[in-house]
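Chains as they are written, first to last, in this note's numbering: chain A, -14 to 99; chain B, 1238 to 1351.
C-beta: ideal position from N, C-alpha, C; glycine also.
In this text the structure is predicted, and so the values were computed from the model without any measurement.
Some notes on the structure that comes next.
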Amino acid sequence: QQQVKQSPQSLIVQKGGIPIINCAYENTAFDYFPWYQQFPGKGPALLIAIRPDVSEKKEGRFTISFNKSAKQFSLHIMDSQPGDSATYFCAASLDTGTASKLTFGTGTRLQVTL
Amino acid sequence: ETGVTQTPRHLVMGMTNKKSLKCEQHLGHNAMYWYKQSAKKPLELMFVYSLEERVENNSVPSRFSPECPNSSHLFLHLHTLQPEDSALYLCASSHAGTGNYGYTFGSGTRLTVV
């Protein structure tokens, strides 16, 4: 119940394309869904996040779509650039009252080609 | 710099050695976390500290021993490790109990056990 399933494992798109990464969860107690971007040699960095009472959130070229009834959410990257080449992790958070526990997906390695 | 600093960046240790990983945050957060990142596996939560108290020990072997002397510093003491413990160890921090669930990660310590 604590798992977050992420697909695809890897993705190659051309510059300007719109890669889509999908995640699914089981635990309806999760109350915050962030996406992290990780470059080689760096730790994951928060990219964008959404709460389950919202169906879509946009920040710049990044959009999260959230389907509460299906327990699925996805990341769309508009007008993708070679600099977006990185590994992307979805996550789901459970607030225990004393700390926030993040459960991560397995990651999607994105390559944006010229 | 993300505001969370981890040292050392790289560590090679023998199975009989004792070493420590250090994490420091200057973000005013009051919860700190250790995660393990291995190839092709989700990030694994190891330990959670909230307000300097350990609130989670995620079935981690006793050869890993965390210490949180204050809200800005977190250590992971290592002894008699196994080769399968080789991984990237990530520290993160967040606000606890405020509804702001975003983690800030450090760049990690790449640990190799020989």
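Worksheet item: How many angstroms separate the CA atom of Asn1263/B from the CA atom of Ala1329/B?
Response: Within the second sequence, the letter at position 26 stands for residue 1263/B. Within the second sequence, the letter at position 92 stands for residue 1329/B. Before going further, note that residue 1263/B is His rather than Asn in the sequence given. Between the alpha carbons of His1263/B and Ala1329/B lies a gap of roughly 12 Å.
Discussion item. On a Cα-Cα basis, can you pick out the residue from Ala84/A, Gln96/A, Val97/A that is closest to Phe1284/B?
Written reply: On the second sequence, position 47 is the one that residue 1284/B refers to. Ranked by how close their Cα comes to the Cα of Phe1284/B, the residues Ala84/A, Gln96/A, Val97/A have Ala84/A in first place.
Fill in: Complete runs of the beta strand (DSSP E) confined to the segment 35 to 69 of chain A [at least 3 residues]
The segment 35 to 69 of chain A contains these whole beta strand (DSSP E) runs: 41 to 44, 47 to 52, 57 to 62.
Practice prompt. Counting only the same chain and skipping the five closest in sequence on each side, list residues whose C-beta sits under 8 Å from that of Ser1309/B.
Written response: Sequence index remark: in the second sequence, residue 1309/B carries index 72 (1-based). Taken in chain order, the residues that qualify are Glu1261, Gln1262, His1263.
Worksheet item: Counting only runs that start and end within the segment 1245 to 1310 of chain B, where is the beta strand (DSSP E) found for 3 or more residues in a row?
Response: Qualifying beta strand (DSSP E) stretches, in chain order: 1247 to 1250, 1255 to 1262, 1268 to 1274, 1281 to 1287, 1290 to 1294, 1301 to 1307.
Item to complete: Go through its chain and collect everything with a Cβ distance to Ala76/A's Cβ below 6 Å, but skip five positions before and after it.
Response: Against the first sequence, residue 76/A aligns to sequence position 91. Pro19, Leu87, Phe89, listed in sequence order.
Practice prompt. In the DSSP assignment, find the unbroken beta strand (DSSP E) run with Asp80/A in it and report its ends.
Written response: Stepping through the first sequence from its first residue, residue 80/A is reached at position 95. It spans 71 to 80 - the beta strand (DSSP E) in which Asp80/A sits, taken as one unbroken run.
Worksheet item: Along chain A, which residues have their Cβ under 9 Å away from the Cβ of Leu1282/B?
Response: In the second sequence, residue 1282/B corresponds to position 45, counting from 1. In chain order: Lys86, Leu87, Thr88, Phe89.
Worksheet entry | Beta-ladder partner(s) of His1316/B, from DSSP | By one-based count along the second sequence, residue 1316/B stands at place 79. Residue pairing for His1316/B: DSSP places it in a beta bridge opposite Lys1255/B.
Worksheet entry | Burial state of Pro1303/B, where buried means 16 or more other Cβ atoms lie within 10 Å | Translated into the one-based positions of the second sequence, residue 1303/B becomes position 66. With 16 or more other Cβ atoms inside 10 Å of its own Cβ, Pro1303/B counts as buried.
Practice prompt. For Lys1259/B, go through chain A and note every residue whose CB falls closer than 7 Å to its CB, in chain order.
Written response: Stepping through the second sequence from its first residue, residue 1259/B is reached at position 22. Within chain A, no residue comes near Lys1259/B; the closest Cβ sits about 15 Å away, beyond 7 Å.
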